[in-house]
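Peer 1: According to full-length UniProt numbering, the sequence shown is numbered sequentially starting from 1. The beta-carbon is built from N, C-alpha and C at its ideal position, and this holds for glycine as well. Encoded as structure tokens, here's the structure I'll be asking about.
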Amino acid sequence: MDINKLLLVDRLDAEERELILQIQTYEACTMSVLKMASNQEASLHRLAVEDIVSCLHRMNMDLQTELLHVRLKRALDSII
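Spelled out as structure tokens, the structure:
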């Protein structure tokens, strides 16, 4: 394997680790909001909570898509 290929693999590995950490963070935040909402004794604005959770979910899906592209690039580049 040449040096350029090794550098690409290292870069993709680092990107994948970073994306996974970001995804885990969004998932933890989503679960925290849901837990807080279910344990909340005072009333919360329902639509605001839905908006917050939806935004977190959307960001998570964007990161999942980025992760898919990184993994696809790695798979296709390994063929070449």
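(1) At 3 residues or longer, and completely inside the region 16-50: list those beta strand (DSSP E) runs for me, N to C.
(2) In three-state DSSP terms, what is Asp2?
(3) Could you check which residue in Thr30, Leu76 and Ser43 has the C-alpha nearest to that of Asn60?
(4) When the Cα atoms are used, what is the spatial distance from Asp2 to Val9?
(5) Can you tell me the Cβ-Cβ gap for Gln22 and Leu63, rounded? I've got them flagged as a contact below 8 Å.
Peer 2: So, from the listed chains and residues:
(1) Within the region 16-50, no complete beta strand (DSSP E) run reaches 3 residues.
(2) Along the sequence shown, one-based indexing puts residue 2 at 2. Three-state DSSP puts Asp2 in coil, outside helix and strand.
(3) Position 60 of the sequence shown holds residue 60. Minimum Cα-Cα distance from Asn60 among the listed residues Thr30, Leu76 and Ser43 corresponds to Thr30.
(4) As a first step, residue 2 is located in the sequence shown; it is residue number 2 there, counting from the start. As a first step, residue 9 is located in the sequence shown; it is residue number 9 there, counting from the start. Distance between the alpha carbons of Asp2 and Val9: 11 Å.
(5) Mapped onto the sequence shown, residue 22 falls at position 22. Mapped onto the sequence shown, residue 63 falls at position 63. Right, their Cβ atoms sit about 5 Å apart.
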